[in-house]
Ligand SMILES: [Zn+2]
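Numbering (the numbering used here), first residue to last: 55 to 336.
What follows is the structure in structure tokens.
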């Protein structure tokens, strides 16, 4: 074990040396390796504290109510709160209502908070970008259509508007036949800016769930999403959606990833707009 650690440290050291050398030569700079490593370590320790999940609760029976008003006794499809028969009911409710319903049904002690981020940030950034129009952040939180909405679903240890959680897209077609939830990113939200209220922003930093597969946080994200039956596997979501418009899950996912990537994985919302968005505190 110790040998392995030494081995990795040596490799990290060599790579950093090489990278700094190349960087300094290319840009005619004099950056010190030590300050980069120090910065990296600071960045890592600045993450909000994330508690381990206490226990993994198993959603055993389907949440659906049958036509005769009795509850469905079928087992849930893994990662969902519906059985195979009722899976088409997934995504029929706005996310906050879904979260409340699930927490009540499975008797969770704490209901996870949701904050609405609207869809203005998507429609404002539709690709191909018009290069003459720069998106002016921060954006207000507005919804230009009722079909698509985005939310932050906070881990239960964060009871307010700031902290860490998961970014979730909700789509429901206008005829209400097609619908889905889709978790795409891990998010951290911080207050940002000067103390004057007018210059304050909600800074939303995002990392795609896919890119975290080897990180410890991945397990927490997946079990958290499982507790609320929010899917994150895009191909799996796509299988049961026959929508071939721009609201198709794969097209939507790529669009979302493009918008967020093109803003270096950070979005700014006006603080007031963010704070006045719906939060489902009980
Ligand atoms: Zn069912």
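Where is the CB? At the ideal position from N, CA and C, for every residue including glycine.
Quantities reported herein were computed from a predicted structural model and do not represent experimental measurements.
Can you look up residue i in the DSSP assignment and give me helix, strand or coil?
{"i": "residue 256", "result": "strand"}
{"i": "residue 324", "result": "strand"}
{"i": "residue 64", "result": "helix"}
{"i": "residue 194", "result": "coil"}
{"i": "residue 207", "result": "strand"}
{"i": "residue 129", "result": "strand"}
{"i": "residue 215", "result": "coil"}
{"i": "residue 318", "result": "coil"}
{"i": "residue 225", "result": "strand"}
{"i": "residue 147", "result": "coil"}
{"i": "residue 117", "result": "coil"}
{"i": "residue 202", "result": "strand"}
{"i": "residue 313", "result": "helix"}
{"i": "residue 169", "result": "strand"}
{"i": "residue 220", "result": "strand"}
{"i": "residue 330", "result": "coil"}
{"i": "residue 163", "result": "coil"}
{"i": "residue 305", "result": "helix"}
{"i": "residue 158", "result": "helix"}
{"i": "residue 152", "result": "helix"}
{"i": "residue 111", "result": "Confidence is the limiting factor: at residue 111 the pLDDT is only 49, short of 50, which leaves the residue's position unreliable, though a coordinate-based value still follows. Looking at residue 111 - three-state DSSP - the assignment turns out to be coil, as it is neither helix nor strand."}
{"i": "residue 82", "result": "The predicted position of residue 82 is uncertain, since its pLDDT is 48 and thus under 50; no value can be drawn from it."}
Indicate, with yes or no, if ligand 1 has a heavy atom lying under 8 Å from the CB of residue i.
{"i": "residue 160", "result": "no"}
{"i": "residue 152", "result": "no"}
{"i": "residue 139", "result": "yes"}
{"i": "residue 122", "result": "no"}
{"i": "residue 128", "result": "yes"}
{"i": "residue 136", "result": "yes"}
{"i": "residue 118", "result": "yes"}
Residue i and residue j look like a contact to me (Cβ under 8 Å); what is the Cβ gap, rounded to whole Å?
{"i": "residue 169", "j": "residue 206", "result": "5 Å"}
{"i": "residue 225", "j": "residue 201", "result": "6 Å"}
{"i": "residue 133", "j": "residue 280", "result": "5 Å"}
{"i": "residue 331", "j": "residue 117", "result": "Going by Cβ atoms, the distance from residue 331 to residue 117 rounds to 26 Å, so no, they are not a contact pair."}
{"i": "residue 320", "j": "residue 259", "result": "5 Å"}
{"i": "residue 212", "j": "residue 167", "result": "7 Å"}
{"i": "residue 255", "j": "residue 318", "result": "About 15 Å; that fails the 8 Å criterion."}
{"i": "residue 223", "j": "residue 204", "result": "5 Å"}
Taking 8 Å as the cut-off, is the C-beta of residue i nearer than that to any heavy atom in ligand 2?
{"i": "residue 173", "result": "This structure lacks ligand 2; the ligands present are ligand 1."}
Considering only residues of the region 231-301, which uninterrupted alpha helix (DSSP H) runs meet the minimum length of 4 residues and lie entirely inside it, listed in chain order? 271-282, 288-293
Does the contact criterion of 3 or more C-beta pairs under 8 Å hold for the region 220-238 versus the region 135-152? yes
Any 3 or more C-beta pairs closer than 8 Å across the region 128-142 and the region 278-296: yes
Is the number of C-beta pairs between the region 262-269 and the region 208-216 that are closer than 8 Å three or more? no
Would you check if there are 3 or more beta carbon pairs closer than 8 Å linking the region 306-323 to the region 157-165? no
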